[in-house]
Every structure is written in structure tokens, then in C-alpha cells.
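The next block holds one structure in the form of C-alpha cells; read it before the comments.
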Amino acid sequence: MPALLQLDRVTRRYALPRRSLLRAPAPLTAVSNVSLTLARGETLGVVGESGSGKSTLARLAMGFERPDEGAVCFDGKDLARLSKPELKALRPRFQMVFQDPYGSLDPRRRVGWSVAEPLRVLRREEPAVIESQVNAVLERVGLRVEDARKYPHEFSGGQRQRIAIARGIVTSPDLLIADEAVSALDVSVQAQILNLLMDLRDDMGLGLFFISHDLQVVSSISDRIVVLRQGEIVDDGPTDDVMFRSRNAYTRSLMAAAGWRAARDGQSAATDR
Numbered sequence: 001m002p003a004l005l006q007l008d009r010v011t012r013r014y015a016l017p018r019r020s021l022l023r024a025p026a027p028l029t030a031v032s033n034v035s036l037t038l039a040r041g042e043t044l045g046v047v048g049e050s051g052s053g054k055s056t057l058a059r060l061a062m063g064f065e066r067p068d069e070g071a072v073c074f075d076g077k078d079l080a081r082l083s084k085p086e087l088k089a090l091r092p093r094f095q096m097v098f099q100d101p102y103g104s105l106d107p108r109r110r111v112g113w114s115v116a117e118p119l120r121v122l123r124r125e126e127p128a129v130i131e132s133q134v135n136a137v138l139e140r141v142g143l144r145v146e147d148a149r150k151y152p153h154e155f156s157g158g159q160r161q162r163i164a165i166a167r168g169i170v171t172s173p174d175l176l177i178a179d180e181a182v183s184a185l186d187v188s189v190q191a192q193i194l195n196l197l198m199d200l201r202d203d204m205g206l207g208l209f210f211i212s213h214d215l216q217v218v219s220s221i222s223d224r225i226v227v228l229r230q231g232e233i234v235d236d237g238p239t240d241d242v243m244f245r246s247r248n249a250y251t252r253s254l255m256a257a258a259g260w261r262a263a264r265d266g267q268s269a270a271t272d273r
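Residue numbers (UniProt numbering): 1 to 273.
Printed below as a string of C-alpha cells:
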């Protein structure tokens, strides 16, 4: 059985603006020779500082961009080789939750309209079917059916992220990509959203591709962790190995920034807080 998501030696470059008439600058390599896999029902955490290439990986995994080298495959299908109709037909099976719970929802639209958008665009369901599915996913993420008639400004940041998650799962996807999905939230609310994501993963059998700059957050939800630095993987493995036994200096610096102190010889870790 193929991996749900596979990136095989993926490289992505971006052209930089020309500042001289003599020559164009060298392109920026955002991601370089990255390989990773994600299975159904598994959470893969990707962690790194700002500019490390995390969000580029998310856009590549969603098929929003194509790699300059390598391949991005979903369920064995190379996304770059699919036609637009083929990619659209596959799109309901992988969805994304974005970082900003305030900017990701249209303030002019009721919540029910926003949650239903993937059904209208990707599946063109009948209105009665759409309403039923929207009501079901709102309740599934801890909101109420009547919340569908409200506007985003009537909700807290944590509630808005629940709405964004409801929109992400309304098509019953196999893969959910969460790009810094809790970074804009208070710590107590972060824990609630992380628990919700884990429950959905277990209940739906989701593959969860979880991206964050915070290693402590990533370690709390992930089965495996990939550490990115300047577009390259510098560390990866099962969560316990990365958190408690890694000798990589960059990984350990991320741990220190997150308040962790790695124990030696595989013993438990403690926080400095």
C-alpha cells in the first residue's frame, strides 16, 4: 500500500527580483532535497524556525505549487502529473487548516457559508445535503448547529480555528495539513485545539501533517518529527528519539527555545518552566 503522502527528493526554488541590469540574482532555494512520508492515521510533525521552508512544504503537499525537482505523491499519484480536472477530483481527499483564524474566514459571510465552501466548489452537493454536512461537522468540532448562522466576528480565536477545522474536514478527507494552526492562540486554547485534532485523527483515520515553529507543541501531537533548517532536513525520527536522544545541535536549540531540557541516555525530559 502506498504512503498517503510522499515527498521524494523535493526541491523548490523562487526567482528573486532583479536589482541590476547586468545579471539576475541566483534563485532562492526554499526547500532542498526533502524526502518524507506520512501514513494514514499518523501525525507527522514538521518543525523549524521562520524561513526554514515549512510553509513551502505545505503548499507543495497541497499541490498549490509544483517542485522544481523531485515528486510530491498523494496516495501514489504524482500531483505534478495530474491534469486540472484530475487534481480537482482528488482535492476533497486532502485539505488544509491555515495559521490565521481571523484572516482565513470571510468576515462578510456567515460561518455556515464558509464551512460549506469546499462542498460547493469541489463536490457541488445539493443545498440540503450541504446543510446537513455543515451541521454535522460543526457539532463534531465542538460548536453548535445555530453557529452556522453567525459571522466570524462573533467568535473567539479558538472558536474560529474550530470553524476552520470544520471547513477542513467537511469533505471527509484522508489527509489534513495544519500549517501553524495553533500559533496565534493562547496556550490554554492551543491545548484544546491539539486535543481536537488528535481526536479527529483517531476517529477519521486521518493522516495529519502538522507544521509549527514550536517543538514542544509538535512533540505533543506527533508520532514522528522532521526538523527543517534553511530548507533541508537536519533531524528526523520517532518523537521520543528526536526529543530525548537527538544529538543534533539545531534540534537541541529548538528544544531550549521551547523550554525543554533533554535527558541523557533516553531518560525522561523536563521543562524549565
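Positions of the beta carbon are idealized from the N, C-alpha and C atoms, including for glycine.
- Look at the beta carbons and you see the region 175-183 touching the region 92-100: at least three pairs across the two are nearer than 8 angstroms.
- Gln-230 and Asn-33 have their C-alpha atoms roughly 12 angstroms apart.
- Closest option to Arg-59, judged by alpha-carbon separation, among Ile-130, Ile-211, Val-187 and Tyr-151: Ile-211.
- Listed as beta-bridge partners of Asp-179 by DSSP are Ile-211.
- Selection Arg-40, Gly-259, Arg-123 and Thr-29 evaluated against Gly-51 yields Thr-29 as nearest (Cα-Cα).
- Boundaries of the beta strand (DSSP E) harbouring Val-227: 224-229, taken from the DSSP string.
- For Asp-75, the closest alpha carbon among the candidates Ala-39, Thr-56 and Ala-164 is that of Ala-39.
- The Cβ atoms of Phe-244 and Leu-5 lie no closer than 8 angstroms to each other.
- Only residues of its own chain outside the window of five on either side were considered, and among them Glu-125, Ile-130, Gln-133, Val-170 and Thr-171 have a CB closer than 7 angstroms to the CB of Leu-119, listed in chain order.
- Excluding its 5 nearest sequence neighbours in each direction, Glu-65 has C-beta neighbours in its own chain below 6 angstroms: Arg-59, listed in chain order.
- Between Ile-163 and Leu-105, the C-beta spacing is below 8 angstroms.
- With distances taken between CA atoms, Leu-122 lies nearest to Leu-90 out of Leu-143, Ala-148, Leu-90 and Lys-77.
- DSSP places Ser-55 in the helix class (H, G or I) of the three-state scheme.
- Distance from the CA atom of Lys-88 to the CA atom of Gly-63, rounded to whole angstroms, is 10 angstroms.
- The Cβ atoms of His-153 and Glu-49 lie no closer than 8 angstroms to each other.
- Every beta strand (DSSP E) of 3 residues or more that sits fully in the region 27-100 is shown, in chain order, as 28-38, 43-47, 69-74 and 94-97.
- Ranking Gly-157, Gln-161, Lys-77 and Arg-9 by CA distance to the CA of Val-115 puts Gln-161 first.
- Annotation for Pro-17: no alpha helix (DSSP H) segment contains it, and DSSP assigns it neither H nor E.
- Gly-53 is positioned such that its CB atom lies no closer than 8 angstroms to that of Val-72.
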